[in-house]
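Q: First the structure, which I've put down as structure tokens, then a few questions once you've had a look.
In structure tokens:
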């Protein structure tokens, strides 16, 4: 089963690292195939950041996300741009404090609002781990990768000395 | 003009970060479009790492590298796997001390041997910046992005406090 994930927000939120961790977790530790893509175009020059991951048990011939099964938004412009473009019964997961969902917003996906950035700041004391809190929530909500796989991929990917804080951030997001 | 770049080596050499920097530099600071892809499959589970970047003045509809214009190899298995698969008149750039080029190796590309890892270790004192030394050499040899663009992208992308060492590493690779 091919699954498409789009992570979106601003530059500096660690969107790319989150995509790398997701791809690594799925492939190295869950034994699937994964392709992870960053597209840089005019919107990147405006400060937007987007990372896409395709996960599949089969070989992945087309690496771009066509219509995501899972959309994560960590900025309002990202939500405004991508929120109508999710698969039926897919997941939309947004940073609760950064995104206002319009009253008339409606699509056929499940919407989750999690305060990634607030959890990172208040519970870990590091706003910069909001991306890892997000991965915790994403893992719990969607089950797209196993908890163990993502935790191992986090340990592989974050700077030395920050492992503990990052795992703590992941757990906070997971158990929110 | 579409240009395809494949960076390959082992996990832990910073291949992915190098791809991210290249994509960012080309798009944010050279005003082109760029797509940067990591594929994780069975070979990643063996410790291999590969990052691909497509750079174009046009929109990029197909993000995968078909036949690279530029191939960088930072491990022998990467060279053995990819070295026959480069565009005519393309560039093959390898870590001089990590790769043995067989006597009978021949293709229609220009081959450069640069001791990325040795320069990183001996001149900067940090083996981990070999990827940035590599970007310096790549920029000088291929001119695929401007020096200024890559330097700005490095400053955006490396951990705070390591900027100076990384720029130094870039310069060493550039002027080798």
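Protein chains in written order, with my numbering: chain A, 1 to 176; chain B, 1001 to 1176.
Backbone N, C-alpha and C fix where the C-beta goes; we use that ideal spot for every residue, glycine too.
1. Cβ closer than 8 Å: which chain A residues qualify as neighbours of residue 1006 of chain B?
2. State the DSSP-derived secondary structure class of residue 121 of chain A, mapped to helix, strand or coil.
3. Quick one: Cα of residue 1126 of chain B to Cα of residue 1166 of chain B, how far?
4. Strictly below 7 Å CB to CB, what residues from chain B border residue 115 of chain A?
5. Check this for me: beta carbons of residue 1144 of chain B and residue 1003 of chain B, under 7 Å apart or not?
6. Taking residue 1081 of chain B as the reference, give the member of B/1009, B/1158, B/1154 and B/1160 with the closest Cα.
7. Mind listing which residues of the region 1022-1054 of chain B have their C-beta closer than 7 Å to chain A's C-betas, in chain order?
8. Go to residue 71 of chain A, then tell me how far its beta strand (DSSP E) extends in each direction, as first and last residue.
9. Alpha carbon to alpha carbon, how far is residue 142 of chain A from residue 1024 of chain B? Give it in angstroms, no decimals.
10. Going by DSSP, name the residue or residues bridged to residue 1005 of chain B.
11. Short of 6 Å in beta carbon distance, which residues of its chain neighbour residue 1163 of chain B, apart from the five on each side in sequence? Order them along the chain.
12. Where does residue 110 of chain A fall in DSSP's three states?
13. Could you tell me which residues DSSP pairs with residue 1036 of chain B in its beta bridges?
14. Going by C-alpha to C-alpha distance, which of B/1013, B/1031, B/1033 and B/1061 sits closest to residue 1048 of chain B?
15. Would you verify that the beta carbon of residue 68 of chain A is, or is not, closer than 7 Å to some beta carbon of chain B?
16. Can the beta-carbon of residue 1113 of chain B be found closer than 7 Å to that of residue 1140 of chain B?
17. Please list the terminal residues of the continuous beta strand (DSSP E) segment that includes residue 1091 of chain B.
18. So for residue 62 of chain A, helix, strand or coil by DSSP?
19. If you draw a straight line from the alpha carbon of residue 1171 of chain B to that of residue 1135 of chain B, how long is it in whole angstroms?
20. Residues in its own chain within less than 7 Å of residue 168 of chain A by CB, not counting five upstream and five downstream?
21. Mind listing the chain E neighbours of residue 1145 of chain B? Cutoff is C-beta to C-beta under 9 Å, in chain order.
22. Can you tell me whether residue 177 of chain A is buried or exposed, with buried defined as 16 or more other CB within 10 angstroms of its CB?
23. Where DSSP assigns a beta bridge to residue 1010 of chain B, which residues make up the other side?
24. So, is residue 108 of chain A buried or exposed, given that buried needs 16 or more other C-beta atoms within 10 angstroms?
25. Three-state secondary structure (DSSP) at residue 151 of chain A?
26. Is residue 1177 of chain B helix, strand or coil by DSSP?
A: Looking at the coordinates:
1. Taking the second chain and counting its residues from 1, one reaches residue 1006 of chain B at position 6. Near residue 1006 of chain B there are no residues of chain A at all, since even the closest Cβ is about 14 Å away, more than 8 Å.
2. Walking along the first chain from the start, residue 121 of chain A turns up at place 121. Three-state DSSP puts residue 121 of chain A in a helix.
3. The residue labelled residue 1126 of chain B in the question sits at position 126 within the second chain. The residue labelled residue 1166 of chain B in the question sits at position 166 within the second chain. Cα-Cα distance, rounded: 10 Å.
4. As a first step, residue 115 of chain A must be located in the first chain, where it is residue number 115. Within chain B, no residue comes near residue 115 of chain A; the closest Cβ sits about 25 Å away, beyond 7 Å.
5. Here residue 1144 of chain B is taken as the residue at index 144 of the second chain, counted from 1. Here residue 1003 of chain B is taken as the residue at index 3 of the second chain, counted from 1. Cβ distance < 7 Å, so residue 1144 of chain B and residue 1003 of chain B count as in contact.
6. The count along the second chain starts at 1 and reaches residue 1081 of chain B at position 81. Comparing Cα-Cα distances from residue 1081 of chain B to each of B/1009, B/1158, B/1154 and B/1160, the minimum goes to B/1009.
7. 1023, 1024, 1027, 1028, 1033, 1034, 1035, 1036, 1037, 1038, 1039, 1040, 1041, 1044 and 1045
8. In the first chain, the residue the question calls residue 71 of chain A occupies position 71. Start and end: 70-73.
9. In the second chain, the residue the question calls residue 1024 of chain B occupies position 24. In the first chain, the residue the question calls residue 142 of chain A occupies position 142. Residue 1024 of chain B and residue 142 of chain A: Cα-Cα distance of roughly 30 Å.
10. Here residue 1005 of chain B refers to the residue found at position 5 when the second chain is read from its first residue. Paired residues: B/1053 and B/1070.
11. Counting from one through the second chain, the residue named residue 1163 of chain B turns up at place 163. These residues qualify, in order along the chain: 1155.
12. In the first chain, counting from the first residue as 1, residue 110 of chain A sits at position 110. Note: residue 110 of chain A maps to strand in three-state DSSP.
13. Position 36 of the second chain, counted from the start, is the residue given in the question as residue 1036 of chain B. In the DSSP output, where bridge partners are listed per residue, residue 1036 of chain B has A/38 and B/1053.
14. The residue you call residue 1048 of chain B lines up with position 48 of the second chain. Checked all of B/1013, B/1031, B/1033 and B/1061; the closest Cα to residue 1048 of chain B is B/1013.
15. For the purposes of this step, residue 68 of chain A is identified with residue 68 of the first chain, where counting begins at 1. No, residue 68 of chain A lies away from the interface with chain B (no Cβ there is under 7 Å from its Cβ).
16. Against the second chain, residue 1113 of chain B aligns to sequence position 113. Against the second chain, residue 1140 of chain B aligns to sequence position 140. For residue 1113 of chain B and residue 1140 of chain B, no; Cβs fall outside 7 Å.
17. Residue 1091 of chain B sits at position 91 when you count from the first residue of the second chain. First-last of the beta strand (DSSP E) with residue 1091 of chain B: 1091-1095.
18. Counted from its first residue, the first chain places residue 62 of chain A at position 62. Reduced to three states, the DSSP call for residue 62 of chain A is coil.
19. Within the second chain, residue 1171 of chain B is the residue found at index 171, counting from 1. Within the second chain, residue 1135 of chain B is the residue found at index 135, counting from 1. Rounded to the nearest angstrom, the two C-alpha atoms are 9 Å apart.
20. Indexing the first chain from 1 puts residue 168 of chain A at position 168. Here the set comprises 124.
21. No chain E appears in this structure, whose protein chains are A and B.
22. This structure gives no information on residue 177 of chain A, because the portion of chain A shown stretches from 1 to 176.
23. The sequence position of residue 1010 of chain B within the second chain is 10, counting from 1. Answer is B/1048, bridged to residue 1010 of chain B.
24. Within the first chain, the letter at position 108 stands for residue 108 of chain A. Flag for residue 108 of chain A reads exposed.
25. As a first step, residue 151 of chain A must be located in the first chain, where it is residue number 151. Helix.
26. Residue 1177 of chain B is absent from the model: chain B starts at 1001 and stops at 1176.
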